[in-house]
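Undergrad:
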Amino acid sequence: MTDFQAIADRVELGALCAEFTDAGMTHDYDRLASLFTEDGVLRIPDGGIEFASRAEIRRGIERARDLWEYFLQTVHPGSIRLGGDTATGRAYIVEFGRLRDGSSHLNHSVYHDRYRLTADGWKFTERVYEMHYVDSTPLTGKASPALGEVLPVKLSD
Numbered sequence: 001m002t003d004f005q006a007i008a009d010r011v012e013l014g015a016l017c018a019e020f021t022d023a024g025m026t027h028d029y030d031r032l033a034s035l036f037t038e039d040g041v042l043r044i045p046d047g048g049i050e051f052a053s054r055a056e057i058r059r060g061i062e063r064a065r066d067l068w069e070y071f072l073q074t075v076h077p078g079s080i081r082l083g084g085d086t087a088t089g090r091a092y093i094v095e096f097g098r099l100r101d102g103s104s105h106l107n108h109s110v111y112h113d114r115y116r117l118t119a120d121g122w123k124f125t126e127r128v129y130e131m132h133y134v135d136s137t138p139l140t141g142k143a144s145p146a147l148g149e150v151l152p153v154k155l156s157d
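First residue of the sequence shown: 1, per UniProt numbering; consecutive thereafter.
1) Could I get the ranges of all uninterrupted beta strand (DSSP E) runs contained in the UniProt domain "SnoaL-like" (6–127), with 3 residues as the minimum, in chain order?
2) To the nearest angstrom, how far is the alpha carbon of Arg-114 from that of Arg-63?
3) Quick check: the Cα distance between Arg-10 and Trp-68, rounded to an integer number of angstroms?
4) Return the CA-CA distance between Glu-126 and Ser-103, expressed in angstroms with no decimal places.
5) May I have the straight-line CA-CA distance separating Thr-26 from Thr-74, to the nearest angstrom?
6) Among Arg-65, Asp-39, Glu-38, which one has its Cα closest to the Cα of residue 158?
7) Excluding the 5 residues flanking Phe-51 on each side, which residues of the same chain have their C-beta closer than 6 Å to its C-beta?
8) Measuring alpha carbon to alpha carbon, tell me which residue in Thr-137, Asp-3, Asp-39, His-108 is nearest Ala-91.
9) Should Ile-49 be labelled buried (16 or more other beta-carbon atoms within 10 Å of its own) or exposed?
10) With a threshold of 16 other CB atoms inside 10 Å of the CB of Glu-95, please say whether the residue is buried or exposed.
11) According to the neighbour-count rule (16 or more other Cβ atoms, all chains shown, within 10 Å of its Cβ), is Phe-4 buried or exposed?
12) Relative to the C-alpha of Arg-54, which candidate in Leu-35, Pro-45, Leu-72 has its C-alpha closest?
13) Just to confirm, are Pro-77 and Gly-14 a CB contact at a threshold of 8 Å?
14) Pick from Leu-117, Ile-93, Val-110, Leu-99: whose alpha carbon is nearest that of Ala-87?
Structure follows, in structure tokens:
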């Protein structure tokens with residue numbers, strides 16, 4: 001690949017997916033919502049969930065995270081297809097944690113993404129979460145007390 005703009009776009013889109021996970025893990029719901037276009041949509045069909053604006057995404061993710069005693073998500077790069085000012089892609093996800101009701105959850109999933117280049121950079125227009133494997137076997141480990149205290153780190157500009 002010799003098109004430097006395509007390389008830059010791919011790096012920025014990978015960073016966008018990483019920012020989503022980081023914002024969720026640090027409970028920075030304003031930042032998480034800002035990663036979407038104003039009319040962006042987040043769907044989790046297996047959970048019957050659809051948030052159809054930045055405001056809904058912010059409220060919905062915050063409410064969902066309040067259900068968890070602890071929660072970890074990791075993101076792994078997938079494919080990116082560029083199309084000028086739009087793109088599509090996939091990000092592979094592993095999540096696990098324990099809900100406040102005592103139940104445990106582990107899953108391997110895929111985000112199917114649509115992106116748009118805006119004046120503020122690349123944003124999600126749609127994220128659709130597809131679960132491929134779910135395990136509710138009780139987790140036997142113990143969460144670190146620091147897990148609930150992950151604080152956002154200001155990175156230099």
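For glycine and all other residues, C-beta sits at the position ideal for the given N, C-alpha and C.
TA: In terms of the structure at hand:
1) Within the UniProt domain "SnoaL-like" (6–127), the runs of beta strand (DSSP E) that reach at least 3 residues and sit entirely inside it are, in chain order, 36–44, 49–51, 68–83, 86–99, 104–118.
2) Near 24 Å, if we compare the C-alpha coordinates of Arg-63 and Arg-114.
3) 33 Å
4) 29 Å
5) 13 Å
6) Only positions 1 to 157 of the chain appear in the structure, and residue 158 is not among them; the question remains open.
7) Leu-42, Ile-57, Gly-60
8) His-108
9) With fewer than 16 other Cβ atoms within 10 Å, it is exposed.
10) buried
11) exposed
12) Leu-35
13) yes
14) Cα-wise, what sits closest to Ala-87 is Leu-117.
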